[in-house]
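Undergrad:
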Amino acid sequence: MKKYLAKLNQIAENNNEGIAVVLEGRDTAGKSSTIRALTQYLSPAWYSVVPSTKPSKQTMECWLPHWSTKMPAKGQIVFYDRSWYSRAMVQKLNGWCSDQQYKEFLLDYKDWENRQRQNGVRFIKLWLSITEDEQSYRIRKRKNSPLTYWKFSENDENALSQYDRMSILKERVVDGEWTVLDYNHKKSGIKSAAKAIIRACKK
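Per my numbering, the sequence shown starts with residue 64, numbered consecutively.
1. Measuring straight from C-alpha to C-alpha, what distance separates S161 and K65?
2. Beta strand (DSSP E) containing S192: first to last residue?
3. For a minimum of 3 consecutive residues, which ranges assigned as the beta strand (DSSP E) are wholly contained in the stretch 190-254?
4. Using a Cβ-Cβ cut-off of 7 Å (strictly less than) and excluding sequence neighbours within five positions of F168, which residues of its own chain qualify?
5. Taking the continuous beta strand (DSSP E) assigned at L86, which residues delimit it?
6. Considering only C-alpha positions, which residue in the set S95, Y67, G138 is nearest to Y104?
7. Verify the CB distance criterion: does A108 have a CB-CB separation below 8 Å to chain C?
8. Starting from S111, follow the alpha helix (DSSP H) in both directions and report where the run begins and ends.
9. Ignore the nearest five residues each way along the sequence and tell me which others in K249's own chain have a CB closer than 6 Å to its CB.
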């Protein structure tokens, strides 16, 4: 694994473009832990992380313009622990956005991403894939652990009951631009994520 992290160091140090690394997946897929693993040896000057947080009412109403302000500058890598794609997946799944907001996103996001590319942004999109049984196991483990119980929420229970619906929402936006990674085994998944980023940066 360390040889791949060393290559990420080289890429980050010599980077001359804005690189947006998007990590999406179901609850407990491993987005946050993957970012921690991939950035542990990177200089803080080379990257930043946009964490998964509850958006404000203003952000919800100006969704893509908000994300325009979160794009990487030239020479910077930004890792997104969930992203603008939340609108098409977890927000829609949980009823946090309106049907109109969802429909507008599906109509607009491709053109919006193309404008970011014209401004020098390279997108690397990773879907961390886990099975229903694995998600159920991880959510139970999270709920009962004295270390991670605070992460458990009603949204986790909802995710379990709507696994198939999330699959449908995911298929509407996760297309050929994405790299789908097997994250049932998180350790090997993280290695695959590192290799996918290195491969994408060499194109």
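The beta-carbon is built from N, C-alpha and C at its ideal position, and this holds for glycine as well. Please read all numbers here as calculations on a predicted model, not as lab measurements.
TA: This is what the structure holds:
1. C-alpha separation (whole angstroms): 44 Å.
2. It spans 184-192 - the beta strand (DSSP E) in which S192 sits, taken as one unbroken run.
3. Along the stretch 190-254, the beta strand (DSSP E) occurs as fully enclosed runs of 3 or more residues at 241-245, listed in sequence order.
4. Correct list, in chain order: W126, R150, A151.
5. For L86, the enclosing beta strand (DSSP E) has its first and last residue at 81-88.
6. Taking each of S95, Y67, G138 in turn and checking the Cα distance to Y104, the smallest one comes out for Y67.
7. Absent here is chain C; the protein component of the structure consists of one chain.
8. Looking at the DSSP string, S111 is not in any alpha helix (DSSP H); the run it does join, the beta strand (DSSP E), is 110-113.
9. Excluding sequence positions up to five before and after K249, its CB lies within less than 6 Å of the CB of G93, all in the same chain and listed in chain order.
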